[in-house]
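Chemist:
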Amino acid sequence: MPSFSEPIVAISLAANGRRGITLFAPPWQDSDGEEWQGFLGDGSKIVLLGTAAELEAWLAENPEHDLSDHPAWKSFEDQGTAALQPAEEAYYDFDAVYEWAAGEADPVVVSELGDTVDIAGRIAETCEDGALRSLLNNTREYALLVEGETSYHGKEGEAEWTKLGDVIAGSWERALNRIETWLRWEGSSVTPLEETDAVSDNDTAEDNESRGVQSGDA
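Quick note on our numbering: the sequence shown kicks off at 199 and runs consecutively.
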């Protein structure tokens, strides 16, 4: 399970070829002792922007959002743009789940896979998506992965890893489709990653050409 040391953190999510930045508030208790957790949202969906600057502009234009009543919101807001840039480890790639599950049970891979499935489960809880919640939380293999206490080494561990791979192969597409219904892509996050990369490559080539530098030059 991801470890969050701050009451509100910037995270990056990738799904269906898009990547964006949003905010996540790990579980906290209100004055009545009730526990909450949440994502930056517009009242109906989780909002994602392509860059920290775009996210900052969106927050300026939308002062009322799903985290604006969080007890730590004011102090978080006062930190400025720096707080809106996700840490390297706060990147959750829903598209990579198939690839991770098809590979070896390397500790880093298992950790990234577990954290990503955990975040998916938090989306299910926050958005009160019963179908997604049931799919992730009521499936033994997903639950064991998120708990992080299962060894996938040795004969029994390899068997568990194979079972997990089979579960992912049979259910992750449904989970990803449910997740996608709760995501609202804004700014440059709307552009699929491959198109963004192509634009970036073209811009670099044009800059090099304008400077008399050819691709491949030292």
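All residues carry an ideal CB built from backbone N, CA and C; glycine is no exception.
Because the structure is a prediction, the values reported are computed rather than measured.
From the DSSP output, in three-state form, read off Ala-288 for me.
Modeler: Counting from one through the sequence shown, the residue named residue 288 turns up at place 90. DSSP places Ala-288 in coil when its eight states are reduced to three.
Chemist: Going by the DSSP bridge assignment, what does Glu-210 pair with across the sheet?
Modeler: Here residue 210 refers to the residue found at position 12 of the sequence shown. The amino acid at residue 210 is misidentified as Glu; the sequence shows Ser. The partner list for Ser-210 (beta bridge, DSSP) reads Ile-219 and Tyr-289.
Chemist: Would you call Glu-286 buried or exposed, if buried means 16 or more other Cβ atoms sit within 10 Å of its Cβ?
Modeler: Position 88 of the sequence shown, counted from the start, is the residue given in the question as residue 286. The residue in question, Glu-286, is exposed, as its Cβ has fewer than 16 Cβ neighbours within 10 Å.
Chemist: Any chance the stretch 346-355 sits against the stretch 282-301, with 3 or more Cβ pairs inside 8 Å?
Modeler: In short, these stretches do not touch, since the Cβ pair count stays below three.
Chemist: Less than 7 Å between C-beta atoms, sequence neighbours within five positions excluded: which residues of the same chain meet that for Leu-362?
Modeler: Within the sequence shown, numbered from 1, the residue matching residue 362 stands at position 164. Answer for Leu-362: Ala-299, Glu-339 and Leu-343, listed in chain order.
Chemist: From His-263 to Gly-239, what distance separates their C-alpha atoms?
Modeler: Residue 263 sits at position 65 when you count from the first residue of the sequence shown. Residue 239 sits at position 41 when you count from the first residue of the sequence shown. Those two C-alpha atoms are separated by around 6 Å.
Chemist: From the DSSP output, in three-state form, read off Pro-305 for me.
Modeler: Position 107 of the sequence shown, counted from the first residue, corresponds to residue 305. DSSP places Pro-305 in helix when its eight states are reduced to three.
Chemist: Among Thr-337, Glu-384, His-351 and Pro-390, whose alpha-carbon lies nearest the alpha-carbon of Glu-259?
Modeler: Position 61 of the sequence shown, counted from the start, is the residue given in the question as residue 259. The option with the nearest alpha carbon to Glu-259 is Glu-384.
Chemist: Would you call the stretch 301-313 in contact with the stretch 327-335, where contact means no fewer than 3 C-beta pairs closer than 8 Å?
Modeler: As far as the Cβ criterion goes, the stretch 301-313 does not touch the stretch 327-335, which means the pair count is below three.
Chemist: Using the DSSP secondary-structure output, state which residues sit across from Phe-237 in a beta bridge.
Modeler: Numbered from 1 along the sequence shown, position 39 holds the residue referred to as residue 237. Bridge partners of Phe-237: Phe-222.
Chemist: Excluding the 5 residues flanking Ser-229 on each side, which residues of the same chain have their C-beta closer than 8 Å to its C-beta?
Modeler: Against the sequence shown, residue 229 aligns to sequence position 31. So no residue of the chain qualifies.
Chemist: Within the same chain, show all residues whose beta-carbon is closer than 7 Å to that of Thr-314, passing over the 5 residues directly before and after it, in chain order.
Modeler: As a first step, residue 314 must be located in the sequence shown, where it is residue number 116. Hits under 7 Å: Tyr-290, Asp-291, Phe-292 and Val-295.
Chemist: Based on Cα-Cα distance, which residue from Leu-211, Val-207 and Ala-341 lies nearest to Ser-417?
Modeler: Since the first and last residues shown for the chain are 199 and 416, residue 417 lies out of range.
Chemist: Pop quiz: Ile-219 and Pro-284 are said to be a contact at Cβ under 8 Å. What is the actual Cβ separation, rounded to whole angstroms?
Modeler: Position 21 of the sequence shown, counted from the first residue, corresponds to residue 219. Position 86 of the sequence shown, counted from the first residue, corresponds to residue 284. About 6 Å separates the two Cβ atoms, so the contact holds.
Chemist: What residue does the beta strand (DSSP E) around Val-365 start on, and which one ends it?
Modeler: Within the sequence shown, the letter at position 167 stands for residue 365. No beta strand (DSSP E) holds Val-365; the alpha helix (DSSP H) holding it covers 352-379.
Chemist: Compare the C-alpha of Thr-235 against each of Leu-246, Val-245, Leu-221 and Gly-248 and name the closest.
Modeler: By 1-based counting over the sequence shown, the position of residue 235 is 37. Looking at the sequence provided, one finds Gln at residue 235 rather than Thr. Ranking Leu-246, Val-245, Leu-221 and Gly-248 by Cα distance to Gln-235 puts Leu-221 first.
Chemist: Any idea if Gln-412 is buried or exposed, counting beta-carbon neighbours within 10 angstroms, 16 or more meaning buried?
Modeler: Counting from 1 along the sequence shown, the entry for residue 412 is found at position 214. A caution first: Gln-412 carries a pLDDT of 31, below 50, which makes its placement in the model too unreliable to give a value.
Chemist: Under a three-way DSSP split, which group does Leu-247 fall into?
Modeler: Walking along the sequence shown from the start, residue 247 turns up at place 49. In this structure, Leu-247 counts as strand in the three-state DSSP scheme.
Chemist: How should Gly-215 be labelled, buried or exposed, when 16 other C-beta atoms within 10 angstroms of its C-beta is the threshold for buried?
Modeler: One-based indexing of the sequence shown puts residue 215 at position 17. When all chains shown are included, Gly-215 counts as exposed.
Chemist: Pick out whichever of Lys-243, Pro-205 and Glu-232 has its Cα sitting closest to the Cα of Ile-377.
Modeler: Counting from 1 along the sequence shown, the entry for residue 377 is found at position 179. Closest by alpha carbon: Lys-243.
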